[in-house]
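Undergrad: Chains as they are written, first to last, in this note's numbering: chain A, 17 to 296; chain W, 3 to 255. The C-beta atom is built at its ideal place from N, Cα and C for all residues, glycine as well. Note that the coordinates shown come from a computational prediction; the quantities given were computed from them, not determined experimentally.
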């Protein structure tokens with residue numbers, strides 16, 4: 017994270033600019049965003065074709081971990097029922113039953129606004145998913161390759177020696193918005209490093225590997241895949257959880273950007289440079 | 003105050019961007035040019051999968067203890083046509099499988115004749131394109147053995163299966179596979195399911211098992227087999243009922 021040569025003064029305060037993101041990081045970041053949105057939407061479209069999750073190799077209906085279903089209420093209206101680990105929730109409008117393209121309630125796992133395409137269209141959802149999965153993998157390979165070759169991983173992402181020690185007790189202080197803002201001028205803080213590392217080297221590979229495990233052809237070629245994830249249906253479940261993990265990461269990521277300065281940090285992801293008030 | 007409005011703006015921006023993406027995706031799906039772009043992933047996957055897997059890499063086989071307590075029936079569960087019902091009434095004794103097309107010795111084989119050919123029994127996992135999996139035991143004639151008997155001509159490239167069942171619009175079901183899959187040791191024409199004659203919901207009298215692909219490739223209610231040079235002249239030209247409706251011809255994924 018080299019300190020840039022630029023410094024200027026505006027509105028009385030003195031500012032300097034820090035060179036924060038290399039072009040490859042910026043480009044792969046902005047490719048990743050729509051690609052992940054599309055993978056999520058098309059993934060939910062595929063999920064909707066059989067909106068239940070299981071463990072093992074079989075999908076026995078009575079042993080579902082999660083099932084989005086529907087029921088007729090006594091008044092004749094459709095009720096969305098979500099069953100999760102044996103418990104039942106009424107999720108009408110969100111899961112199980114939601115408004116379809118014509119505005120009438122229809123039986124579907126996730127609602128139209130969350131799926132690509134919106135209406136039920138498994139074949140097209142698969143086309144989107146299996147195409148953009150390639151973009152996700154290639155983009156990820158470029159990013160990881162660059163990070164390894166250019167030292168981005170070593171310098172900016174791996175925790176420095178001693179950084180892990182003594183971090184626990186001061187965690188609350190580190191999470192204070194002012195502290196976060198001040199720290200963001202210096203580089204990624206430890207929590208940030210750990211969450212980026214787990215997304216890059218845990219969640220993303222997990223999503224890719226469990227996705228591949230759902231391919232019967234690759235199961236025949238690499239039987240170890242099925243063993244590793246304890247069955248095709250467990251692979252499907254883990255794939256769903258990995259996607260959920262990525263969504264959670266995205267929400268925290270956006271929250272953090274808003275906390276530390278949305279304009280400055282979003283701009284930095286375009287220009288590469290972060291504006292820092294002198295003295296911070 | 004300033005942060006609040008900024009936050010509000012960001013939220014609105016993200017919300018409308020999200021809507022734009024999703025409705026944009028719907029519109030793109032309807033264009034003439036975009037779906038073919040998405041479809042370019044299929045030959046990439048197919049080529050790569052064939053490079054990665056040995057020709058005869060076998061799908062995992064299970065034990066009796068792994069059998070699904072209930073095996074779903076998807077798509078057609080009963081063809082219910084006059085011709086089919088007539089054959090069904092006599093236990094398919096009067097039915098004969100016709101194997102023809104680009105072959106040296108076309109044949110017609112009764113169920114008894116099929117049962118006399120080299121058979122294979124396998125307990126495998128059936129993966130539906132919808133996402134579910136179920137395990138069952140199948141017994142049937144090895145398609146490779148049947149092909150050796152009829153002798154495909156040198157220019158032949160695919161094996162096509164024509165089925166008894168039709169959809170609500172009268173369109174016939176059909177499917178096709180290439181020779182690599184056709185000669186695969188686990189590729190069979192099953193006439194037994196879990197040690198009983200193939201039940202109607204699972205495709206009586208005969209259904210295809212292609213264990214390294216998704217369920218929709220495994221044609222049920224087979225009436226006739228044709229060895230062909232090209233998929234184009236048949237029905238929608240994509241090599242199968244589901245393929246004509248947008249699904250991948252290569253369903254190993």
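Using a Cβ-Cβ cut-off of less than 8 Å, list which residues of the stretch 204-234 of chain A approach chain W; keep chain order.
TA: 230, 231, 232, 233 and 234
Undergrad: So who's on the other strand from residue 115(A), going by DSSP bridges?
TA: 121(A)
Undergrad: Check for me: the beta strand (DSSP E) holding residue 228(W) runs from which residue to which?
TA: 224-230
Undergrad: On the three-state DSSP scale, how would you describe residue 203(W)?
TA: Residue 203(W) falls in the helix class under three-state DSSP.
Undergrad: Taking all protein chains shown into account, do 16 or more other C-beta atoms lie within 10 angstroms of the C-beta of residue 244(W), making it buried, or fewer, making it exposed?
TA: buried
Undergrad: So, for residue 44(A): in the same chain, excluding its five sequence neighbours on each side, which residues have a beta-carbon less than 6 Å away from its beta-carbon?
TA: 155, 158 and 159
Undergrad: CA-CA distance, residue 247(A) and residue 254(A)?
TA: 11 Å
Undergrad: Where residue 140(A) and residue 179(W) are concerned, what is the direct C-alpha to C-alpha distance, given to the nearest angstrom?
TA: 22 Å
Undergrad: Under the assumption that residue 142(W) contacts residue 122(W) (Cβ atoms under 8 Å), give the Cβ distance between them as a whole number of angstroms.
TA: 7 Å
Undergrad: Identify every residue that forms a DSSP beta bridge with residue 154(W).
TA: 105(W)
Undergrad: Residue 32(W): buried (16+ other C-beta within 10 angstroms of its C-beta) or exposed?
TA: Burial state of residue 32(W) is exposed, judged by a 10 Å Cβ sphere holding fewer than 16 other Cβ atoms.
Undergrad: Looking only at DSSP bridge pairs, what is residue 108(A) linked to?
TA: Note: residue 108(A) sits in no beta bridge, so no partner.
Undergrad: Could you check what DSSP says for residue 139(W) in three-state terms: helix, strand or coil?
TA: strand
Undergrad: Should the stretch 274-285 of chain A be called in touch with the stretch 229-243 of chain A, which here means at least 3 C-beta pairs below 8 Å?
TA: no
Undergrad: Could you name the residues of chain W that residue 285(A) contacts, counting a contact when the two beta carbons are closer than 7 Å?
TA: Correct list: empty, because the minimum Cβ distance to chain W is about 14 Å.
Undergrad: Using a Cβ-Cβ distance cut-off of 8 Å, determine whether residue 112(W) contacts chain A.
TA: no
Undergrad: Tell me, please, whether the stretch 32-40 of chain A touches the stretch 96-116 of chain A by the rule of three or more beta-carbon pairs shorter than 8 Å.
TA: no
Undergrad: What residue does the alpha helix (DSSP H) around residue 70(W) start on, and which one ends it?
TA: Note, residue 70(W): premise wrong, no alpha helix (DSSP H); not H, not E.
Undergrad: Give a yes or no on whether the minimum CB-CB distance between residue 169(W) and chain A is below 8 Å.
TA: no
Undergrad: Quick check on residue 198(W): does DSSP put it in helix, strand or coil?
TA: strand
Undergrad: Please say whether residue 67(A) and residue 84(A) have beta carbons closer to each other than 8 Å?
TA: yes
Undergrad: Hey, how far is the Cα of residue 92(A) from the Cα of residue 121(A)?
TA: 12 Å
Undergrad: Examine chain D for any beta-carbon lying closer than 8 Å to the beta-carbon of residue 195(W), and answer yes or no.
TA: The chain labelled as chain D is not found among the protein chains of the depicted structure, namely A and W.
Undergrad: Whether or not the stretch 119-138 of chain W and the stretch 213-229 of chain W are in contact is what I'm after, with contact meaning three or more pairs of Cβ atoms, one per stretch, closer than 8 Å; do they touch?
TA: Touching, yes, given that three or more Cβ pairs across the two stretches are closer than 8 Å.
Undergrad: Going along chain W in order, which residues have a C-beta closer than 9 Å to the C-beta of residue 50(A)?
TA: Those within 9 Å of residue 50(A) in chain W are 23.
Undergrad: Note down, one range per segment and in chain order, each beta strand (DSSP E) of at least 3 residues found wholly within the stretch 106-130 of chain W.
TA: 109-112 and 121-129
Undergrad: In or out: residue 268(A) buried (at least 16 other Cβ within 10 Å) or exposed?
TA: exposed
Undergrad: Within 10 angstroms of the Cβ of residue 114(A), are there 16 or more other Cβ atoms? Answer buried if so, exposed if not.
TA: buried
Undergrad: Can the beta-carbon of residue 222(W) be found less than 8 Å from the beta-carbon of residue 78(W)?
TA: yes
Undergrad: Under 8 Å, Cβ to Cβ, is there at least one residue of chain W near residue 65(A)?
TA: Contact of residue 65(A) with chain W is assigned, a C-beta pair being separated by under 8 Å.
Undergrad: Mapping the DSSP letters down to three states, classify residue 222(A) as helix, strand or coil.
TA: DSSP places residue 222(A) in helix when its eight states are reduced to three.
Undergrad: Am I right that residue 41(W) and residue 143(A) are in contact with their C-beta atoms under 8 Å? What's the rounded C-beta distance?
TA: 6 Å
Undergrad: Taking 8 Å as the cut-off, decide whether the C-beta atoms of residue 116(W) and residue 89(W) are in contact.
TA: no
Undergrad: Ignore the nearest five residues each way along the sequence and tell me which others in residue 226(W)'s own chain have a CB closer than 6 Å to its CB.
TA: 100 and 164
Undergrad: Would you check if there are 3 or more beta carbon pairs closer than 8 Å linking the stretch 158-176 of chain A to the stretch 61-79 of chain W?
TA: no
Undergrad: With a Cβ-Cβ cutoff of 8 Å, do residue 212(W) and residue 103(W) count as a contact?
TA: It is not a contact, given that the beta carbons lie outside the stated cut-off.
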